[in-house]
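Quick notes on the structure that follows.
So this is what it looks like as structure tokens:
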């Protein structure tokens, strides 16, 4: 499938507009208020990035179309966002997708509890992971984070430092903010390995731990294109 | 020395820079980067969330730098609607996001009104800029809302601003708050103006409610809420409508969700705000939705299908059958953690911090029952939900995440009820703390850690319930006010809770217990040191108990000596080997692998292994394992002999060996719990925040996930509190050895005999004077001439003197002797689990009987006895102190009668072993019954009659004797072994106050989890009364010695324990000197001071320099605030300088230092945050100091951090201010609060004594007078420091009763004697107030006496070597002049001991 730049932008906007309601339902893990709010403006801000992406490559971008899902999820928007370099939207899409495909949404919840992770189909995780991997040239994705996690010997603090989820204010080290202006780096070149996609620890570190323990990462099968 | 000084000054400068930097950014910068204009323009954007990064930089020390503008909501488009302006002030931030959402909903959806809204967090009002803005906002507001305004000074600020505007405001809604704020309430005709003043249905009801249960003000409000509909019926209809509106508002507020708050604002707006009312003329009112309310109490779970469960059967039906199987939790074996939540967070859906902990626990395979309560009494839901249908507890550990006391929250608590509920449940009870007043970054960068108000409300109060482990688990997100979990803290909390649960679940035979003993000062002779504790004998007792309860103690020996030898190697090695028994050698690779923070220690100690606890290759863990029990020796601080580190220990860290020890316990030995053995070690004093540890604080890193039980002396609640807060230890109190009367010996004994014969023969013109002459010469031999004015021995002949003068002379000597004789001293060392003998119990009870306890309507025994002969005991004391022979005699006779009476009481219950097993009441036995019939007296009455007071009134003694009997039961009912086992078995250990058992017998029985007191309760009224008396005596004495002039300034030292024991007496003394009076608020909390007018004071205001111990600072920072405000008040009072020395000095300082008068009037000093003591004690114990200058420099540098009420979040280095304040000091002053911790028992007293420091600073170089108040007895005294040192030396170091008592415990005993000797020398170094004869006599007792010398050497050669060194040092430093012969003997002895220790 080929898309022009203008279409891509509309697509991204559509994808993110469904998220705006977040403002009045403030309790989100997978979807921090601030980032969501920002995503309206961030989309606009992301334009230079998209421009850069498009100027450095062709105006037309290859979007994979074979994006299998075990639960009828449409990953074209994600592919599109990643292809156009709209990492903010792609990141948000990924977290929202998890709420959907883990069955949390069906249960009337708007966040993923760690016990939901086992319900996430491997097929879907693999699909998203291939996209992240492809468009970040192997820099982003859960599998990359899993590698970092293992290097951190399971220490969440060390892990966060490694993938750039912490920052320092003077001498004080803290986690990057999920509210207000985002402090995360939506830039493939500048961000450290494994920086994206974000998984918040606002409801505990057990969610990301479970995600990284998902059986899909037990072998390399997820890498195979369908 | 020059090098040292230069380096010190350089470092000092560095220290100053770092200390100043944060302050300059933190004050007044809260609005930096966000000007009004920029804010307004930003707020017009669709996104109101402003960029938080612009305002939050490092805010070290500033507690609350957020600003309300972040919470301001302005309608984007009013669409011509009238706009209602709302200002709200809340204690906690969870309302913020709900309010914001509610306002936005109205602005987006309402046709009739728009809302402009701004919110303040109560604590922000301390900031001047914020306060000004608040004023401005209130002046423009239509509606004011306040909730939980329970901080007195801030409540006053709110009233100050809102009161004058009350008439203009359309409505004022105040939800539970201090009464004066409640009185602001106004909804139409509904007011609470008369609350607590006159009759009104509502206020009466609330008043009554409060008195009835005392447990909670808010409970009362809730009850009122439920009852009000009935009350409303009786009110006129318009009034009823207004009252109903208020009650509805309250319900909406409690509901807390955006929907509820929207209804609240709509309702109030359309009914009370004129423009809205007008615009709605003819329109139909919007009917506000009924408040959506969750049940008052319920079980909550983040992923449950229904919001809450109202009974636990329903909960577990879902949880066990659906959730747990899905989550992979095995319901049969999983531990269960009970969690207590605050309803408002669930209402406002501000719950991610709760979800976080629940998910961490569940992902570790444990079950969770999370409950909440609508009010602040959580005991109901605990009782209802934590038990199964059969009444068995379901939970294994309880974590209270509200941070509040279990019953009563921040308002008024019922600790007794809380402890009873928790004991019935019998599970470890942790109380974790969410940051309320600070954002996460503010806490993280603050050296103090948790905000003092929170410490008072959410750490001190829960401790009184028996809570342990005040771990910070959540922060406030700066921009939105939402609570966010701190991932590493929540993980730690989950780990620790499960480890406590594990102690209950794991079979005893498999549990591994690490017993940690201390070595302080670090020297082999000091291994197993602990205050008043026979450590190895106590370990023996603990091992036996462990064995009895099924723990595996392997082949542990069953004698004290063998246990000791196993740890210290074999008996010969005790002398010949420098090594302790090595339990484990940890390779550096293994160390770095297992110790996540090891790299951080390299800055101070280089790469591991370093040279402490190291064999050059590996890190060495000393100790010995028996079965599943490991007895390990805690390494030392490591910088004891290092002057630079002594000066700046704060920047230090534990050394690698120290870290390796705790790594070993947790990860290699894999202890299930560690038992810290005795008062006290170094863990809890490691660098880090004061309270509210972060993951970079060393106590936190070291103890990591290990549950810790800490055996702690019952008389030291302040340091025990540090151990509880900083090293997450549950304490088990132990009894200090019973205090006995010092008694008399040698010449002093002779003197007493001479005096008794004089009493019989004083009329005899021949023998009387002869005896007086003997008394005089013996008094000289005993060096009593230093204490009593004696006539010249050469020229005086009593035969030529008048009988009155002879009496006067004998009376003065007698009075002095009695002081020595009746002084209390703890005899020997305590062994855990061994109650005192009958004899020891008598000594303690006699002292308990000596005090009047008016609050319990108990009269002291001496008072009752004196009354029987028509005398007032105070009168007798006065005569006694003035050396009136008759009164001295009478006093002695009363003392004897008291002892006899108590003895008679105790003997009733004493068995043939001289121990009290069971207390037999003298009131209900048969003999008592028949006694009444036959008119026979009770044994104690008879004893008093026999002692010469036949008129004693038996009925007058009844109350007291009943009380003494109760005390006796408490004394013998120790639960020390029981308490240790309760902790190791995962039970709840009952809380108990710590302190002096004589003043406060509630300290007994021991074996309970010790706590300090509610800091806002001191000083009490009684303490203020006593201290006024002490201050009067002090000033009298000073005036008398100073040519009738008042001193201008007095230097004070304040101790944590001292103020706990006396309920703030010394604190009150400071206030009294300055001439300010503490004022209690309507809840009985002291958080205000007022100036006593000069006319009433009748003397000048005396300036003070207050030096607070680090522990005092940790426990009582709000009281430092109180003092500072009082002092500043005095300085700012426009009074003549000759009547106000505070002002006089502050004006001079302000001029000299170029600061404001207010800033110059800083008089409350302490260490920098997170650091303790002047380290002068460490230097002296170690001998590693060059000159007194060094010690003085250390004192000035380490103690020169000023507290300033205007910047309450920090301790600011103010060396110059400290010096200029000290240089006007005429007198240094300390309090001695209990006999068992006297001035030569511990190094603390001289460590903080500024006598020579002041001398050096004074322009005239005159040494200030050094005084000590002694309030250990009913007959309180103010003595000079020199007198006190003499008294202490005579009753301890030189007293056979003391040193033989110590020696009977062997090894530890020698060390105890040496400790007194060294501390005595400490006084020479810091104050120069030790008489030569003290060293001379000590030398005669311990060194000249060959037999004694040998005993000391054999029992503990290392300690004896230290003793010899101390004598030589005292001589070398010029504190002791003695004969060549003595010095030679010491030198030879030194060589001999050295050889023996080295095994030559």
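Residue numbers (the UniProt record's numbering), protein chains in the order written: chain A, 1 to 226; chain B, 1 to 1400. Using N, Cα and C, we set each Cβ at its ideal position, and we do this for glycine too.
Quiz prompt | CA-to-CA distance, residue 178 of chain A to residue 401 of chain B, given in whole angstroms | solution = 23 angstroms
Practice problem: In the DSSP assignment, find the unbroken alpha helix (DSSP H) run with residue 1404 of chain B in it and report its ends. | Solution: Not covered by the structure: residue 1404 of chain B. The range shown for chain B is 1 to 1400.
Practice problem: Would you check if the distance between the CB atom of residue 1013 of chain B and the CB atom of residue 1067 of chain B is smaller than 9 angstroms? | Solution: no
Quiz item: Should residue 408 of chain B be labelled buried (16 or more other beta-carbon atoms within 10 Å of its own) or exposed?
Solution: Note on residue 408 of chain B: 16 or more other CB atoms within 10 angstroms of its CB, so buried under the neighbour-count rule.
Practice problem: Step through the CB atoms of chain B and report whether any lies within less than 9 angstroms of the CB of residue 174 of chain A. | Solution: yes
Quiz item: Based on Cα-Cα distance, which residue from B:1117, B:434, B:182, B:967 lies nearest to residue 456 of chain B?
Solution: Closest by alpha carbon: B:1117.
Self-check item: Inter-residue Cα distance where the pair is residue 583 of chain B and residue 615 of chain B
Solution: 13 angstroms
Quiz item: Hey, does residue 490 of chain B have any beta-carbon neighbour from chain A nearer than 9 angstroms?
Solution: Residue 490 of chain B counts as touching chain A.
Quiz item: Hey, residue 140 of chain A and residue 83 of chain A: beta-carbon distance below 9 angstroms or not?
Solution: no
Self-check item: Neighbourhood of residue 519 of chain B by C-beta distance below 6 angstroms, restricted to the same chain and skipping five residues each side
Solution: 526, 527, 633
Exercise. Keeping to the same chain, check which residues put their C-beta closer than 8 angstroms to that of residue 691 of chain B; ignore five residues upstream and five downstream.
Key: 448, 449, 450, 455, 459, 470, 725, 726, 1114
Exercise. Give a yes or no on whether the C-beta atoms belonging to residue 1217 of chain B and residue 1249 of chain B are separated by under 9 angstroms.
Key: No; because the gap between Cβ atoms is not below 9 angstroms, this pair is not in contact.
Exercise. Please state whether DSSP places residue 451 of chain B in a helix, a strand or coil.
Key: Taken through DSSP and simplified to helix, strand or coil, residue 451 of chain B comes out as coil.
Quiz prompt | 9 angstroms Cβ cutoff, residue 129 of chain A in contact with chain B | solution = It does not; no Cβ of chain B falls within 9 angstroms.
Practice problem: Report the partner residues of residue 533 of chain B according to the DSSP bridge assignment. | Solution: B:830
Quiz item: Alpha carbon to alpha carbon, how far is residue 152 of chain A from residue 588 of chain B?
Solution: 20 angstroms
Quiz item: To the nearest angstrom, how far is it from the Cα of residue 636 of chain B to the Cα of residue 888 of chain B?
Solution: 49 angstroms
Self-check item: Residue range of the unbroken beta strand (DSSP E) whose run includes residue 144 of chain B
Solution: Residues 143–147.
Self-check item: Own chain partners of residue 665 of chain B with C-beta closer than 8 angstroms, once the 5 adjacent residues on each side are dropped
Solution: 514, 516, 630, 632, 671, 674, 706
Quiz item: Going by the beta-carbon positions, is the gap between residue 1058 of chain B and residue 1233 of chain B smaller than 9 angstroms?
Solution: yes
Self-check item: Which of helix, strand or coil DSSP assigns to residue 988 of chain B
Solution: coil
Exercise. Helix, strand or coil for residue 263 of chain B, going by three-state DSSP, please let me know.
Key: helix
Self-check item: Local Cβ density within 10 Å of residue 1081 of chain B, reported as buried at 16 or more and exposed below that
Solution: buried
Quiz prompt | Neighbour flag for residue 496 of chain B against chain A, beta carbons, 9 angstroms | solution = no
Exercise. Might you give, ordered along the chain, the residues of its own chain that have their beta carbon closer than 7 angstroms to the beta carbon of residue 48 of chain B, omitting 5 neighbours on each side?
Key: Confidence at residue 48 of chain B is low in this model, with a pLDDT of 23, below 50, so its placement is unreliable and no value can be given for it.
Quiz item: Going by beta carbon distance, what residues of the same chain come within less than 6 angstroms of residue 331 of chain B, once the five residues before and after it are set aside?
Solution: 320, 324
Practice problem: Below 6 angstroms CB to CB, which residues in the same chain sit around residue 662 of chain B once its five sequence neighbours on both sides are set aside? | Solution: 702
Exercise. Could you check the C-alpha separation between residue 190 of chain A and residue 165 of chain A for me, to the nearest Å?
Key: A straight-line Cα-Cα distance of about 13 angstroms links residue 190 of chain A and residue 165 of chain A.
Self-check item: 9 angstroms Cβ cutoff met for residue 1427 of chain B and residue 1276 of chain B
Solution: Missing from the structure shown is residue 1427 of chain B; chain B here goes from 1 to 1400 and no further.
Quiz item: Can you list the residues of chain A that residue 103 of chain B reaches, using a CB-CB cut of under 7 angstroms?
Solution: Per Cβ cutoff of 7 angstroms: no residues; residue 103 of chain B is ~12 angstroms from chain A at best.
Quiz item: If residue 176 of chain A sits next to residue 167 of chain A, beta carbons under 8 angstroms apart, how far is it from one beta carbon to the other, in whole angstroms?
Solution: About 5 angstroms separates the beta carbons of residue 176 of chain A and residue 167 of chain A, which is inside the 8 angstroms limit, making them a contact pair.
Exercise. Can you pull the chain A residues whose beta carbon is under 9 angstroms from the beta carbon of residue 1418 of chain B, in chain order?
Key: Lying before the first or after the last residue shown, residue 1418 of chain B is absent from chain B, which here runs from 1 to 1400.
Self-check item: residue 337 of chain B beta carbon less than 9 angstroms from that of residue 467 of chain B
Solution: Their beta carbons are not under 9 angstroms apart, which means residue 467 of chain B does not touch residue 337 of chain B by this criterion.
Quiz item: What distance in whole Å lies between the Cβ atoms of residue 1271 of chain B and residue 965 of chain B, which are believed to be in contact at a cut-off of 8 angstroms?
Solution: Not really, about 26 angstroms apart at Cβ, beyond 8 angstroms.
Quiz item: Are residue 856 of chain B and residue 863 of chain B closer than 9 angstroms when you measure CB to CB?
Solution: no
Quiz item: Is the shortest distance between the beta-carbon of residue 399 of chain B and the beta-carbons of chain A less than 9 angstroms?
Solution: no
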